Amino acid sequence: MRKIKDVLRLKLDANLSHQQIADALGISKGVVTKYVGLAGVAGLDWPYVQVATETELDRRLFVTPEHPRDRIQPDYAHLHHELRRKGMTLMLLWEEHRADHADRQTYSYPQFCFNYRRFAKQLKRSMRQVHRAGEKLFIDYAGPTIGLTDGSRAHIFVAALGASSYTFACATPRETMADWLASTA
Numbered sequence: 021m022r023k024i025k026d027v028l029r030l031k032l033d034a035n036l037s038h039q040q041i042a043d044a045l046g047i048s049k050g051v052v053t054k055y056v057g058l059a060g061v062a063g064l065d066w067p068y069v070q071v072a073t074e075t076e077l078d079r080r081l082f083v084t085p086e087h088p089r090d091r092i093q094p095d096y097a098h099l100h101h102e103l104r105r106k107g108m109t110l111m112l113l114w115e116e117h118r119a120d121h122a123d124r125q126t127y128s129y130p131q132f133c134f135n136y137r138r139f140a141k142q143l144k145r146s147m148r149q150v151h152r153a154g155e156k157l158f159i160d161y162a163g164p165t166i167g168l169t170d171g172s173r174a175h176i177f178v179a180a181l182g183a184s185s186y187t188f189a190c191a192t193p194r195e196t197m198a199d200w201l202a203s204t205a
């Protein structure tokens with residue numbers, strides 16, 4: 021059990037050293053230093069400590085006042101879900117968040133990204149996979165099509181080696197079997 025009042029009585033009233041207080045109460049010198057330091061920060065003197073209860077002292081010394089957050093907190097779970105949509109980026113989500121809360125203070129974009137990544141790191145589950153060199157090649161068409169200068173659209177074929185992550189990409193007019201085979205050749 022804490023002996024806050026006894027520590028402060030021996031320090032503030034009897035003016036004993038920290039070591040003498042620790043020996044008298046059977047606690048460590050570090051605990052005495054901690055309690056005396058907290059009392060100094062809280063501005064407590066012996067007349068106040070003398071009439072205060074252990075609960076009041078505990079509340080004054082150990083409970084830090086809560087400061088209301090001045091910035092509106094985004095719903096990171098919702099953001100995480102929204103990022104699964106095609107074409108959705110953190111920049112777009114941040115701009116939407118800012119527009120929705122124009123009357124309140126929001127995070128800057130770098131802080132918004134930092135907070136989201138910290139949230140996502142808590143969710144991240146991964147399974148380590150070991151790929152031997154030359155054993156696996158991961159291939160697929162990636163992302164949206166890209167507009168060309170002649171008005172047509174190009175589909176992007178991507179291949180990556182499992183071990184080295186060396187990447188190959190090429191544009192094809194369509195995603196037909198012939199385009200697929202030509203890309204892998």
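Counting from 21, one number per residue, gives the positions in the sequence shown under the numbering used here.
Don't be surprised by glycine CBs; every beta carbon is placed ideally from N, CA and C.
Keep in mind the model is a prediction, meaning the values are calculated, not measured.
Once DSSP output is grouped into helix, strand and coil, what is the label at residue i?
i, result
"Ala-189", "strand"
"Gly-163", "strand"
"Leu-77", "helix"
"Leu-168", "coil"
"Leu-30", "helix"
"Leu-36", "coil"
"Leu-103", "coil"
What residue does the beta strand (DSSP E) around residue i start on, and which one ends it?
i, result
"Val-178", "173-181"
Report the option in the options whose CA atom is closest to the CA atom of residue i.
i, options, result
"Ala-119", "Tyr-136, Cys-133 and Pro-94", "Pro-94"
Rounded to whole angstroms, what is the Cα-Cα separation between residue i and residue j?
i, j, result
"His-207", "Tyr-136", "This structure gives no information on residue 207, because the portion of the chain shown stretches from 21 to 205."
"Met-21", "His-38", "Bear in mind that the predicted position of Met-21 carries a pLDDT of just 47, short of 50, making it unreliable; the figure below should be weighed with that in mind. If I take the Cα positions, the gap works out to 19 Å."
"Leu-32", "Asp-90", "39 Å"
"Gly-107", "Glu-115", "14 Å"
"Ser-184", "Val-150", "11 Å"
"Thr-196", "Thr-165", "14 Å"
"Gly-163", "Phe-177", "9 Å"
"Asp-199", "Leu-110", "33 Å"
Can you name the start and end residues of the alpha helix (DSSP H) that residue i belongs to?
i, result
"Thr-204", "197-204"
Which runs of the alpha helix (DSSP H), 4 residues or longer, sit entirely within the segment 41-77? 49-62 and 66-71
Where in the segment 101-152 do unbroken runs of the alpha helix (DSSP H), each at least 4 residues long, occur, reported from the N-terminal end onward? 110-120 and 129-143
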